[in-house]
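Here the structure comes first, spelled out in structure tokens, and everything after it is commentary.
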Amino acid sequence: MTTIDIDTPAGPIDALLSIPEGEGPWPSVVVIHDAFGYAPDNKLVSGRIARAGYVALTPNMYARGGRRRCITRVMRELLTKRGRAVDDILAARDHLLAMPECSGQVGIAGFCMGGGFALIMSPKGFGASAPFYSTPLPRQLSDTLDGACPIVASFGGRDPLGVGAPKKLREVTAAKHITADIKSYPGAGHSFANKLPGQPLLRITGFGYNEAATEDAWSRVFAFFGEHLEAGATT
């Protein structure tokens, strides 16, 4: 696991790169962090993805000024579906595709804010998308998912931001004939797969880490990625 710079239209940004052990090439995953930013939890996530046999690249979405200065811009670009944040994600995808370690198949995964980006980027040249608690869902969801790749989505049933989100995403993906695996975990809240600080308070507010939901969600994600990101897979 190492930190590298990747080129983007607005200049270089840092990104966390994790490569599996052994001989590649491997399918790859662009990982979009949550609204808290580039926290130690990203290393845990990247390590898990690499151990499962995928190159993981996490671009720092707050590279140009830190969370305090960047979060408003990045959230606005999530809503409008354009801007430097979108360009940075596409640059991360292109960086992976240029790496000899990459098999040529690239997926995307994201958490909270990053889950929203995983959804809006699903029609933009990825082989599979894994949004975790992408709540609230992007606006104009049906139009947003035009041409989307297969989606494996995970929600917390106790997520105060996600009431009705799994049902709506199921309806839209079914109507648009998008291959999808969408699951809500009744005992889990928002951020259930992230080990963020302040866990006791987070659980009270409907957030917080949930090990059982996390393990099941990642099991589904890797099975789904195994089907849709293998060399020569068609989507």
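When you line the sequence shown up against this note's numbering, it's residues 8 to 242, in that order. Yeah, the Cβ is synthetic: ideal placement off N, Cα and C, and Gly gets one too.
Q.
Please report the straight-line C-alpha distance between K50 and T221, rounded to a whole angstrom.
A. Taking the first residue of the sequence shown as 1, we reach residue 50 at position 43. Taking the first residue of the sequence shown as 1, we reach residue 221 at position 214. Each residue's alpha carbon lies about 16 Å from the other.
query = Taking DSSP as the reference, what is the three-state secondary structure of H235?
reply = Translated into positions along the sequence shown, residue 235 becomes position 228. In the structure shown, H235 sits in a helix (DSSP, three-state: H, G or I).
Note to self: Threshold first: 4 residues or longer. Then list the alpha helix (DSSP H) segments lying entirely within the region 170-203, N to C.
What the structure shows: 172-182
Worksheet entry | Cβ-based burial, G239 [other Cβ within 10 Å; buried from 16] | Within the sequence shown, the letter at position 232 stands for residue 239. Reliability fails at G239, whose pLDDT of 46 lies under 50, so the model's placement of it is uncertain and no value is given.
Using CA atoms only, rank isn't needed, just tell me which of K190, E178, M8 and S198 is closest to L168. In the sequence shown, counting from the first residue as 1, residue 168 sits at position 161. Taking only the C-alpha atoms, the option nearest L168 is S198.
Tell me the residue span of the beta strand (DSSP E) that contains S110.
Locating residue 110 in the sequence shown gives position 103, where the first residue counts as 1. Per DSSP, S110 belongs to the beta strand (DSSP E) from C109 to F118.
* **Simplified DSSP assignment, three categories, for L208** => Position 201 of the sequence shown, counted from the first residue, corresponds to residue 208. Bear in mind that the predicted position of L208 carries a pLDDT of just 48, short of 50, making it unreliable; the figure below should be weighed with that in mind. Residue state, collapsed to three classes: helix.
DSSP bridge partner residues for V159 (one or two, in chain order): Translated into the one-based positions of the sequence shown, residue 159 becomes position 152. Answer by DSSP bridge pairing, in chain order: D188.
Note to self: Measuring straight from C-alpha to C-alpha, what distance separates I13 and V81?
What the structure shows: Position 6 of the sequence shown, counted from the start, is the residue given in the question as residue 13. Position 74 of the sequence shown, counted from the start, is the residue given in the question as residue 81. Spanning the two alpha carbons is a distance of roughly 18 Å.
Run through DSSP, which three-state label would T142 get?
Looking up residue 142 in the sequence shown gives position 135. Coil at T142, not helix or strand.
With burial defined as no fewer than 16 other Cβ atoms inside 10 Å of the residue's Cβ, what is the status of R91: buried or exposed? As a first step, residue 91 must be located in the sequence shown, where it is residue number 84. Label assigned to R91: buried.
> Who are the near neighbours of K202 in its chain, counting only those whose CB is closer than 6 Å to its CB and skipping five residues on each side?
Replying inline: Within the sequence shown, residue 202 is the residue found at index 195, counting from 1. Around K202: D48 and Y216.
*Give me the Cα-Cα distance between Q147 and L86, rounded to the nearest whole angstrom.*
Taking the first residue of the sequence shown as 1, we reach residue 147 at position 140. Taking the first residue of the sequence shown as 1, we reach residue 86 at position 79. About 10 Å.
- request: Taking only the alpha-carbon atoms, compute the straight-line gap between R100 and T180 and give it to the nearest angstrom.
  value: Locating residue 100 in the sequence shown gives position 93, counting from the first residue. Locating residue 180 in the sequence shown gives position 173, counting from the first residue. Cα to Cα, R100 sits roughly 24 Å from T180.
Check: Does DSSP classify L64 as helix, strand or coil?
Finding: Start at 1 with the first residue of the sequence shown, and residue 64 comes out as number 57. Here L64 sits in strand by DSSP.
T65 versus A182: straight-line alpha-carbon distance, rounded: If you number the sequence shown from 1, residue 65 lands on position 58. If you number the sequence shown from 1, residue 182 lands on position 175. Rounded to whole angstroms, T65 to A182 spans 32 Å at the Cα level.
**Report entry** Cα-Cα separation, F162 to G29
**Finding:** Here residue 162 refers to the residue found at position 155 of the sequence shown. Here residue 29 refers to the residue found at position 22 of the sequence shown. Cα to Cα, the separation comes out at about 33 Å.
| query | From P173 to V37, what distance separates their C-alpha atoms? | reply | Translated into positions along the sequence shown, residue 173 becomes position 166. Translated into positions along the sequence shown, residue 37 becomes position 30. Each residue's Cα considered, the two are about 23 Å apart.
From which residue to which residue does the alpha helix (DSSP H) around L148 run?
-> On the sequence shown, position 141 is the one that residue 148 refers to. First-last of the alpha helix (DSSP H) with L148: L148 to T151.
For T151, which residues of its own chain have a beta-carbon under 6 Å away from its beta-carbon, when the five flanking residues on both sides are left out? The residue given as residue 151 occupies position 144 in the sequence shown. Only I127 and P145 meet the Cβ criterion.
Got a sec? Which residues, its chain only, sit under 6 Å from A187 by beta carbon, not counting five neighbours each side? On the sequence shown, residue 187 is found 180 positions in, with the first residue counted as 1. Same-chain partners within the cutoff: I158 and T180.
**Pairwise C-alpha distance: F118 and Y140** = As a position in the sequence shown, residue 140 is number 133, starting the count at 1. As a position in the sequence shown, residue 118 is number 111, starting the count at 1. Approximately 6 Å, taken between the alpha carbons.
Pairwise C-alpha distance: S25 and C109: Your numbering for residue 109 matches position 102 in the sequence shown. Your numbering for residue 25 matches position 18 in the sequence shown. The alpha-carbon atoms of C109 and S25 are separated by roughly 12 Å.
Exercise. Alpha carbon to alpha carbon, how far is L208 from R58?
Worked result: If you number the sequence shown from 1, residue 208 lands on position 201. If you number the sequence shown from 1, residue 58 lands on position 51. Low per-residue confidence applies at L208: pLDDT is 48, beneath 50, and the placement is therefore not dependable enough to give any value.
Fill in: Proximal residues to P27 (C-beta, below 6 Å), its chain only, five neighbours per side dropped
Counting from one through the sequence shown, the residue named residue 27 turns up at place 20. Once the five neighbours on either side are set aside, the close Cβ partners of P27 are W33, A57 and G60.
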